[in-house]
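If you count by the working numbering, then the sequence shown holds residues 194 to 506, one letter each, in order.
Backbone N, C-alpha and C define an ideal beta-carbon position, used for all residues, glycine too.
Owing to the predicted nature of the structure, the values given are computational and were not obtained by experimental measurement.
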Amino acid sequence: MALVDLLLVVGIIAGIYSLLAIGMNMHWGDTGLLNFAHAAFFAVGAYTSAILTTPPATGSLATRVVGFDFPIIVGLVAGTALAGVVGVLIALPSVRLEGDYLAIVTLSAAELIRLLIHNEAWLTTGAQTLKNIPRPLDGAIPVSYDLFYFVLVWAIVAVCYLLFERLSSSPFGRVLHAIRENDDVPLALGKNTYVFKLKSFGIGAAIAGLAGGLWAHYVYAISSIMFLPSITFLIWAAVIIGGAGSYGGAILGASVIVGLRQITRFIPGDVPFGDQLSYIRLMVVGVVLILVLYYRPEGLLGDAERLQAGTSE
């Protein structure tokens, strides 16, 4: 049973990372937006849902004075919506930029949000851990709670996958693809590419916020250190490994990343460099990323023809 329980936990984390990768794939794979603020949207969703569903902290040592004790569904919906709004607000001045400039602005915005969360103790508990986040149907499930949450998370992943696949093949999605290749073309055809970029950024950020809410209600306690920029870079690696532009690839890539990071946890601490395992995990991800880029640059489920067309221009 211990192995089954471990696989369920890994599966839950993989599902949450898959949602993050789906949102990132909309930004980069569909629209060509270089976004490095994904960890911030993840944090906004997590903290919004946690604050709305927990009561205000009490006691002489309490720092957080805000809490609403709302139902969990309210927290998840609000976290998803607020992450989308924050995404649009970041995109308003930045999506007119391209390449490195857009990356710098989004990375700076993400760090600003993380520092706000870290320092506003009255709202988020600051550097301390925000605890006692309620779990959906906790105590009312006749089976293993991890099994229930695994099914819940992957059901949401399946719904999001179907919705985003349909959206990608819709007229809206085709405009995004045209923007990705060369936004002068849809602009010449009368499409307001700025508005389409805003919509893409907001939708992708909202899905990251949903992932954050699911994460917060699973781990029961969160802190600002959980939302470092390294999360964004892991999701980038997932999208690249799976294949940019492929939502199935985004899910596969996220699962590969989580699997690689969890497998390395079984390495004994007394082996050479055992005290550096956290860095070794990142190195393993980097090695796999390099191998995929070398042997299959379009990604595991990416479109080789689209990659060749893009590189030939």
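**Prompt:** Buried or exposed: where does G277 fall if 16 or more other Cβ atoms within 10 Å of its Cβ makes it buried?
**Reply:** Per the 10 Å Cβ criterion, buried.
**Message:** Do A232 and Y408 count as a contact pair if the criterion is CB distance below 7 Å?
**Reply:** Per the sequence shown, the amino acid found at residue 408 is Trp instead of Tyr. No, they are not a contact pair.
**Request:** Give me the Cα-Cα distance between D262 and I326, rounded to the nearest whole angstrom.
**Result:** 10 Å
**Item:** T322 vs G272 beta-carbon contact at 7 Å
**Value:** no
**Prompt:** With distances taken from CA atoms, which of R367, I424, G406 and L227 is nearest A284?
**Reply:** L227
**Asked** Of all the options D198, V378, F229 and I209, which has the alpha carbon lying nearest to the alpha carbon of V449?
**Response** The shortest Cα separation from V449 among D198, V378, F229 and I209 belongs to I209.
**Asked** Any idea which residues DSSP pairs I473 with across the strands?
**Response** DSSP lists no partner for I473.
**Request:** Compute the Euclidean distance between the alpha carbons of A250 and S439, then round it to the nearest angstrom.
**Result:** A250 and S439: Cα-Cα distance of roughly 43 Å.
**Prompt:** Does the Cβ-Cβ distance between P446 and G495 come in under 7 Å?
**Reply:** As written in the sequence, residue 446 is Gly, which differs from the Pro given in the question. No, these two residues do not count as a Cβ contact at 7 Å.
**Asked** Y354 to F343, Cα distance in whole Å?
**Response** 16 Å
**Message:** Between which residues of its own chain and P264 is the CB-CB distance below 6 Å, once the five residues before and five after are set aside?
**Reply:** none
**Message:** Measuring only the C-alpha atoms, how far is L470 from I396?
**Reply:** 35 Å
**Message:** A430 and L181 - do their beta-carbons sit closer together than 7 Å?
**Reply:** An answer regarding residue 181 cannot be provided, because it is not within the stretch 194 to 506 covered by the chain.
**Item:** Own chain partners of L316 with C-beta closer than 6 Å, once the 5 adjacent residues on each side are dropped
**Value:** V259
**Asked** Exposed or buried, what is V388 when buried is set at 16 or more other beta-carbons lying within 10 Å of its beta-carbon?
**Response** exposed
**Request:** Just the C-alpha distance for F394 and L269, rounded to the nearest angstrom, thanks.
**Result:** 19 Å
**Prompt:** Would you call K324 buried or exposed, if buried means 16 or more other Cβ atoms sit within 10 Å of its Cβ?
**Reply:** exposed
**Coil, strand or helix - I415 by DSSP** = strand
**Prompt:** Where do the ends of the alpha helix (DSSP H) carrying E304 lie?
**Reply:** D293 to N312
**Item:** Rounded distance between the beta-carbons of P329 and H410, thought under 8 Å
**Value:** 6 Å
**Prompt:** Would the beta-carbon of L213 fall within 7 Å of that of D339?
**Reply:** no
**Request:** Pick out whichever of V350, S362 and A236 has its Cα sitting closest to the Cα of S211.
**Result:** Ranking the options by Cα distance to S211, first place goes to V350.
**Prompt:** Do you know offhand how far I433's Cα is from A302's?
**Reply:** Taking the straight line from one Cα to the other gives about 23 Å.
**Asked** CB-CB under 8 Å to D331, same chain, minus the five flanking residues each way: which ones, in chain order?
**Response** Y338
**Asked** L323 by DSSP, collapsed to three states: which one?
**Response** strand
**Item:** E374 (DSSP reduced to helix, strand or coil)
**Value:** helix
**Asked** Which ranges does the alpha helix (DSSP H) cover as unbroken runs of at least 4 residues, wholly within the stretch 215–273, from first to last along the chain?
**Response** Restricted to the stretch 215–273, the alpha helix (DSSP H) segments that are unbroken, complete and at least 4 residues in length are 231–246, listed in chain order.
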